[in-house]
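Here the structure is laid out as structure tokens; the discussion comes afterwards.
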Amino acid sequence: IIDGTQKPERLAHSVYNDPHKNWMIMMLNEVENPFEDWFLSEKEFYLYMSTKYPNKSLTFSNHNSTNIFLKDENLQASDSSGAVVGTVVSYNATMSSIVYKTDSSISAGDILYGQVSEKTGTVGSTVEEMYGPHHLDTSGAVVSNWDYEYGLNEAKSQVNIIQDVYVDRLEDEFIKKIK
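The following block contains the structure:
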């Protein structure tokens, strides 16, 4: 196992002195698409997160888990303006959280009303979706989308390689099998 922070072609070149043997490294590490299945640099990871999690996330401070907000319903401010402040993308009753689209500002302490479900909740916190809650770990602590995806990416940084003495043999066997 070696550090896989290099792209497969560079790694194959540094290990086997041949960038075209990148297929061996990808095959051994079950990489079908190096753009999705390979370790992402810091910059690539941030871009990935921004693309995958483009919305906002909020958690309620005093929310009954039976109050279910519906996908695509508008969230309305419960103040005197009654303005629509966002649209529900997804709702997680376990986490008492909503992923939402908005052009408005939602802040801690705001009371939101679902126009279709007619449910209300007091906002405890808001963050970019990439930092929002993903799941609870075994101890009941919240794991954010960022931490979850970061852990998956870090696992990809450890790469298995074939020892030099077996490379030619593997290549010959592979060629025989595909003919």
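Quick note, the sequence shown lines up with residues 1158 to 1336 if you use the working numbering.
C-beta: ideal position from N, C-alpha, C; glycine also.
For residue i, the three-state DSSP class (helix, strand or coil)
| i | result |
| --- | --- |
| N1224 | coil |
| Q1165 | According to the sequence provided, residue 1165 is Pro. The question's Gln does not apply to it. Helix, per DSSP. |
| E1330 | helix |
| L1269 | strand |
| S1264 | coil |
| F1202 | helix |
| W1180 | helix |
| N1186 | coil |
| S1274 | coil |
Alpha-carbon to alpha-carbon, residue j and residue i
| i | j | result |
| --- | --- | --- |
| F1331 | P1191 | 20 Å |
| N1310 | F1217 | 29 Å |
| K1164 | S1314 | 10 Å |
| Q1272 | G1281 | 20 Å |
| N1212 | V1322 | 50 Å |
| P1176 | A1169 | 5 Å |
| V1284 | E1166 | 38 Å |
| E1199 | D1236 | 41 Å |
| V1256 | I1335 | 47 Å |
| K1258 | D1229 | 9 Å |
| F1226 | V1241 | 15 Å |
| S1253 | P1290 | 10 Å |
| L1293 | A1312 | 20 Å |
| G1297 | N1249 | 15 Å |
DSSP beta-bridge partners of residue i
| i | result |
| --- | --- |
| I1255 | L1215, Y1248 |
| V1241 | Q1233 |
| V1299 | L1293 |
| V1172 | Per DSSP, none; premise fails for V1172. |
| V1280 | F1217 |
| E1285 | K1213 |
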